[in-house]
Structure formats: C-alpha cells, structure tokens
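Note that our numbering has the sequence shown beginning at 64, numbered continuously upward.
From the three backbone atoms N, C-alpha and C, an ideal C-beta is built for every residue, glycine too.
Owing to the predicted nature of the structure, the values given are computational and were not obtained by experimental measurement.
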Amino acid sequence: MKHYFVMRFTAVALLMSGMFGLRSYGRQLELQTEHDGTSYRVKIVLDGEDILTSPPEGLWSIASEWENSWPAGWIHAGPTEIEHVADWTILRGRLETPAGTWRLSDSYRPQGNVIKCIRRFVWEGAAIAKCVTLSVRFQCKGKGTGAVLPGIIYHGNPSGAKSGRVPVYSGQAGAEAIYEEHRFPMPYASLEWLAGSGLQGAALHSLPSTVQFGNRPDQWWSLGLVAKEQGTEFVLLSGPCASNGKRSVIKALQRGFVTYDNAYINVPTGAVIEKTFYLEAYKVTGKGSGFQRPTQTSLKIFSPCSLEGMPTFSEIIRDKYRFAKTRWYEDGEIAGFKKYPDRDFFVFGWCGQAASPGYALQVLADDLSDPKALQMATKSLYFLSTAEFYDEGFYTWYNFKEKRWQQGGGRPELLSQGQAMLNFANAIRAGRAKNLDVSRWERFLRKACDFHADRILKDDWKPLSTNQSFFIAPLCTAYKLFGTEIYRRAAIKAGGVYASRHLSMDEPYWGGTLDGSCEDKEGAFAALQGFVALYELEREPKYLRWAEHACDVVLTYMVVWDIDFPAGRLRDHDFKTRGWTAVSVQNQHVDVFGVLIAPDIYRLGQYLNSEELKNIAILMYRSCGQLIDPYGSQGEQPYHTNYGQHSKYTQRLKSNDLTGLRGNYFEDWTVLWITAHFLNAAAQFKELGLELSDSSDKSD
C-alpha cells in the first residue's frame, strides 16, 4: 500500500511588479512523498502533475569506485523515516556499502517559488571511504536541447558548436553537461519542454561550495544535466565534470577542453557533509522563455545587490578619467584616444572605443573640473569625423604615424561601426545641448546611417549573428536627430529580424564579440540595447517584451554570488564577483563589459518601474570598479573558474596543470574599452538622472 504526504505552497498573488514587469505565476507547487512499502519517493508536483521525481532506484545514490575516469559502483537507497517539524519535511535512511554505512537525510521546506533542501551525508564506516562520489539527482519527463546552464549552455549552443571550442548539449540520450559550480554566474540548470498542449519548465538551483575531502585541490561540487531515454536528469555531483561526449573534462582553454580526472572524495569516518539545493517547477509562457523564471529565482536566492565595500561612482570616474588622459595623442589636427599604450592606433568600437570619450566627456566635463575634458572630447570627434568610407562602410582603424585609415584585421567590423555611430549620435545630442558646432559630426553620422540603413533595407540583408543589432540604437537616435525616415524603417526592420530569430532561443543571441563566434552576453546586450531604443522611439509594448527577454539572457551572464577563491591575487584583493559578467560560452572569464550594459538595464528598469533592475545596474557598474590600480588601469581577465586565455597559461593547462590559475588575474591587456566604457556608462547614468557624487555613493 502506498502512503502520501503533501507539502503544498502556492505562488498565487506573487505579482512581480519588480524586475520583469507585471507577472503572475499563480501556480500550486507541492512536495509529495510517496511510500511504496519499502521506502519513500519524492515528487515535485505542479497543478497536480509530477514534474520532478527522485530516481526509481532511490532518492540517494553514492558511488564507491572510480573506473574509466568516472564514478562507478553506484549504490542506491531510499528514506525509511519521515518527520514534520514546522514547515520542514525531513526524510531519513541508510545506505549500506561493503565498507560500511552512510546515514542520510533530506530536509525540505518551501522558500518563495522553490522548495529548498539540505541533504546530509554522514559516513559511519570504520575506515576512510575512498573514491567516493556523492550526488543529488532528480528526473523529469522533458527531453531536448531547451536547456540553460548560465554562462555555459544556451539551448545546446547551436552557433558556437560550429567552432568545436564551446560546451554543447544535444539532449540525446547519454548526453552529459556537468560543470564546476564556480563556472556558473547563476548556479542553476534549467530545462523547458513541450508537455501536452503547453510548455513546462524545471530547474535545479545550487548553493555553490567546495566539496570536503576532495581528491583534487580546490575541488567543487559540479552541476548540470544528463539526458536519459525517458527524460532528463538534473544532477549535482561531488566533483566529476563532463561535456561534449567526454567525461572528466573541463572547458579550461579558449579553444577547448582539458582533462579533469580523479575528481572523487576520500571521506574519513564520522565525517558530516551537507549540500543545499533548490527545486523549481513552473509553466513556460512562450517558447524560449523557460530560463526567465529560474533567472528571477536565482536573483532572489542570492540577493546580490548590496554595495557594501564597493568603489563609489565618483572614485571610479576620477580614476578612469586620469587613466584615459594617458591614452591621449595629439599631432596638429590629428587627435584622439589610443587603443593601446604602445601602438599607433585610434580604433572605433569594440576594444578601441576611440569615439566614446567624445560623448562621455561632454556630459561629465563639469564633474571632472578639468577644462581639457571638453577640449579632448570635441577635438577627437572633429578628427574622427574624417574617417574614410569604402564598400563595407567606414574604416574603423587609424594609424596616426602612417596617417592612414584601414580595416581592423582585414575585416569590416560591422559591430564596431554600429558602436561608433551610437557614440557620434549621443555626442551630437549632447553637443547641441551645449551649443557646440556639431556640423562635421552630423555629416559623418548621416553618411554612416545612409550607408547602413540602405544596406539593412535591402531584400538580401541577412545578418550572420546578433552583432548587427548594434545598428538599431544609433539609427533610432539619428532618426530623432535628423528626421530621416529610412533610419526609422531600417531600425524597425532590424529589430523585427532579430526578434524573430532569437526570442524562441532556437538561435540564442550570439556573435557580439570579435574573438568568439558563439553565444555571448555581448550579442544579447546588442539586442537589449536595440529593443529598448525601439521602445523609446515607437512606444509599442512588444519592444519592451523583447527587451525583457534579451535582458534576462544578459543577466544569466552576471555573477549573482561571491565566488570563493583559493590563495591568490583575487583573494588578496578581497575581490567580490557579484555584478561582474562572464564573457561568453567560449571565453569563460569575467570582465568589466557589464559597465556598458548597466545603463540600458537601468533604463529598462525605469520603464518597468523596477527598483530591482535599477539596483542591479548600479551594482554592475560599481562592482566592476574593483581592481583599479593606482594609475586607474585594470586588466581584462580575472579568472573566477578553471580557465586561462592568455598564452602564458595555455601550455600549462594543456598538461592539465591548474595550479595558480583560478583566482589569478591577467592585467597586461589594457585596451581603451576598459576605461572608455566606465566613462560612457557614467555619462548615460547622469543623463538618466542618477546622482554620481560622493555623498550619493556613501548613502547607499
């Protein structure tokens, strides 16, 4: 005879008027325990339907061997006792192995939209339990590639898969996608799938931690998905990782994977190990939106927006302006901000951002108390307005020693052209307000907009990736400046094309970086920026919905928790990872690009009346002000996970030596964007009405 216990809680009336607009979930989530005569099973039930269940072989699974680079000798057991204390449901039992007994318990309780669990493992054997793997496993009926593992997997990574350099997930039986917890900006694994006439979603969230008694140094729990014949399994393991059809590998190189073997634990007698996780089940409102609910949930679990100990706006602006001046170059009419400290280039967009200070310093000039700020802004734009055009638009590199315009790396860099056009559009708007002579800037921007609007409006315009979304915002602003209808039409067309491609997540946002043709936050940001600009232009609600979707993808790349580091420079600096963003599914370090994204998130928060979004934007900016050195400089690559991009690390990684990598910081790549984006974002924040003074900062 089967016996049931139901712990029920309801999300009714959770009207989320904050982060993601007005949403009502109104679904009844239940924890059910079922006794089959031998032990209890656990089920997460939504509106009467089983969504997540413990495996049929038992709630608890422990491997006691390590064979062929993977856990083996699995033994399973289920709870035999149940207890109810306040709103906790506690299940207890034992798992017998040839070496001794594990005493186990799960303690469940509702927390917001999820069910929290603390799993406890107690080893009672007489000797050390060697080669052990502990686990958390829950199964669903869903199948397929509709998975999001933040910063790592987006619906299988179909675009990045072509390179062979990124994690992939096919959803076919046997596919495994399991990664170190410190690799996750948001530590959850989610899946959406078609269930009957609607879409269903589920997620496993983790409270990340190192694992006790790890065989490897700095060994952490691992999180991910395993595709089964009858569905998908959500898993937490005490160390083992798998990806791309290989076990015991991690994505530690820009171009691929390295071996990560023997990630088991050796547990002494009497040891107590605990793991906290959260289970979530929900209805999915539209194809490609299944990740949005767990993204919101992760923000609520970790509440990342505290600013305690973060640099202030005014400190960051002063430091970055001081460093920007070290990149100033002037020779007669030739004037601008150098991309590199020791090379002879002004570069539009991406890493160079030569046109960005031309807008930012106009807006910030009064705060900087330096008359040279406005002079540098205007003189740089007067020169950059002379950029030469060719059959792919305008050149984005200028060699000021050879006095010639050229392509960057022999390619047109459309992304960089779009970013430069927005710099000019904002500079013209700011310059008009200051009664500056902006006629030369206007001629350049009109010519650029004419070229790209005409190109976008052609029937054969088929952009490869999301990178050309960077043309939407400048075309919208140029329409407001000049009233030229083709700019508006081109922006609307581009927005519609990208919405049709990306909202379903059959093709996740991608291609926003120049050195990684894969799913990335820059591609999602390009769409976010464009959709917000279209809403500002047209005031149609659909553009806000599109912007929310792109913003949610951007936020999956934002670290919501402070990752613990081994001994190293990031620990020395007491570096807090909250608010920093992972780059892409290929380049898996964190960087300060989030400062450029932050004003658009703040702007979206204003339109949605969301204080949480606005607080996230402020966190992103101020947190990224960490690691600024006495000169005002920062490097590009703090390594929060087992990953090294620079050549100084790659040879060591190829020999599977991870020593001294995670928690280190590569600071030699000091291209101008790492400075210009801070100034650009500060100017945008000021125009959005945010107070940037010391008194405002200290009152947070």
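{"Check": "By the 10 Å Cβ neighbour count, where 16 or more other Cβ atoms means buried, how is HIS565 classified, buried or exposed?", "Outcome": "buried"}
{"Check": "Just list the alpha helix (DSSP H) runs in the segment 411-438, keeping only unbroken ones of 4 residues or longer that don't cross its boundaries, in chain order.", "Outcome": "419-431"}
{"Check": "If the criterion is Cβ atoms closer than 7 Å, does the pair GLY472 and PHE533 meet it?", "Outcome": "no"}
{"Check": "Nearest to GLY97 by alpha carbon, out of GLU128, GLU144, ASN131 and GLU130?", "Outcome": "The displayed chain sequence assigns Glu, not Gly, to residue 97. Out of GLU128, GLU144, ASN131 and GLU130, GLU144 has the C-alpha closest to the C-alpha of GLU97."}
{"Check": "Please classify SER366 as buried or exposed, where buried requires at least 16 other C-beta atoms within 10 Å of its C-beta.", "Outcome": "exposed"}
{"Check": "From HIS268 to GLN202, what distance separates their C-alpha atoms?", "Outcome": "14 Å"}
{"Check": "Please list the segments of the beta strand (DSSP E) lying wholly inside the segment 351-410, counting only runs of 3 or more residues, in order along the chain.", "Outcome": "391-394, 397-400 and 408-410"}
{"Check": "Can you list the alpha helix (DSSP H) stretches of 4 or more residues lying completely in the segment 445-509, in chain order?", "Outcome": "477-496"}
{"Check": "Relative to the C-alpha of TRP133, which residue among GLY163, VAL312, GLN317 and GLN91 is closest?", "Outcome": "VAL312"}
{"Check": "Enumerate in chain order the residues of its own chain whose CB-to-CB distance from GLU292 is below 6 Å, with the five nearest sequence positions on each side excluded.", "Outcome": "ALA236"}
{"Check": "Kindly confirm or deny that the segment 610-618 and the segment 570-587 touch, where touching means at least three C-beta pairs closer than 8 Å.", "Outcome": "yes"}
{"Check": "Taking the beta strand (DSSP E) that ASP637 falls in, what are its first and last residues?", "Outcome": "Element bounds for ASP637: n/a, residue is neither H nor E."}
{"Check": "In terms of residues, what are the limits of the beta strand (DSSP E) holding VAL289?", "Outcome": "285-290"}
{"Check": "Quick check on the burial criterion: 16 or more other C-beta atoms within 10 angstroms. Buried or exposed for ASP583?", "Outcome": "buried"}
{"Check": "With a threshold of 6 Å (Cβ to nearest heavy atom), would ALA483 be considered close to the ligand GTP?", "Outcome": "Absence of the ligand GTP from the depicted structure is noted, as is the absence of any ligand whatsoever, leaving it without description."}
{"Check": "How big is the Cα-Cα spacing for GLN697 and LEU690?", "Outcome": "6 Å"}
{"Check": "Mark PRO434 as exposed unless 16 or more other C-beta atoms lie within 10 angstroms of its C-beta, in which case mark it buried.", "Outcome": "exposed"}
{"Check": "Among LYS388, GLY261 and ASN705, which residue has its Cα nearest to the Cα of LYS350?", "Outcome": "GLY261"}
{"Check": "Measuring alpha carbon to alpha carbon, tell me which residue in GLU146, LYS543 and MET373 is nearest HIS636.", "Outcome": "MET373"}
{"Check": "Excluding the 5 residues preceding and the 5 following PHE184 in the sequence, name in chain order all residues of the same chain whose CB lies nearer than 7 Å to its CB.", "Outcome": "TRP165, LEU167, LEU197 and ILE336"}
{"Check": "Are the segment 520-539 and the segment 551-563 touching by the rule of at least three beta carbon pairs closer than 8 Å?", "Outcome": "yes"}
{"Check": "Suppose you measure from the CA of GLU130 to the CA of ILE107; what does that come to, to the nearest Å?", "Outcome": "33 Å"}
{"Check": "By DSSP, does HIS139 sit in helix, in strand, or in coil?", "Outcome": "strand"}
{"Check": "Can you tell me the Cβ-Cβ gap for ALA745 and PHE400, rounded? I've got them flagged as a contact below 8 Å.", "Outcome": "Incorrect: roughly 16 Å between the Cβ atoms, too far for contact."}
{"Check": "Would you list the residues sitting across from TYR217 in a DSSP beta bridge?", "Outcome": "VAL211"}
{"Check": "Kindly list the residues whose CB is nearer than 6 Å to the CB of LEU270, restricted to its own chain and excluding five residues on each side of it in sequence; keep chain order.", "Outcome": "THR339"}
{"Check": "Secondary structure at SER124, three-state DSSP: helix, strand or coil?", "Outcome": "strand"}
{"Check": "What's the call for ASP281, buried or exposed, on a 16-neighbour Cβ count within 10 Å?", "Outcome": "buried"}
{"Check": "Between which residues of its own chain and PHE446 is the CB-CB distance below 7 Å, once the five residues before and five after are set aside?", "Outcome": "GLU396, ILE397, ALA398 and GLY399"}
{"Check": "Please state whether DSSP places PHE320 in a helix, a strand or coil.", "Outcome": "strand"}
{"Check": "Which of the three DSSP states, helix, strand or coil, is assigned to CYS512?", "Outcome": "helix"}
{"Check": "Does the pairing of the segment 520-530 with the segment 482-499 give three or more beta-carbon distances under 8 Å?", "Outcome": "no"}
{"Check": "DSSP puts ALA557 in a beta bridge; with which residues?", "Outcome": "Paired residue(s): none; ALA557 is not in a bridge."}
{"Check": "What residue from ASP522, GLY111 and VAL298 has the CA that sits closest to ALA238's CA?", "Outcome": "VAL298"}
{"Check": "If we ignore side chains and look at the alpha-carbon of each, how far apart do PHE83 and LEU607 end up?", "Outcome": "At PHE83 the pLDDT is 33, less than 50, meaning the model places this residue with poor confidence; the figure from the coordinates comes in the next sentence. Spanning the two alpha carbons is a distance of roughly 10 Å."}
{"Check": "Please report the distance separating the alpha-carbon of PHE514 from that of ARG390.", "Outcome": "31 Å"}
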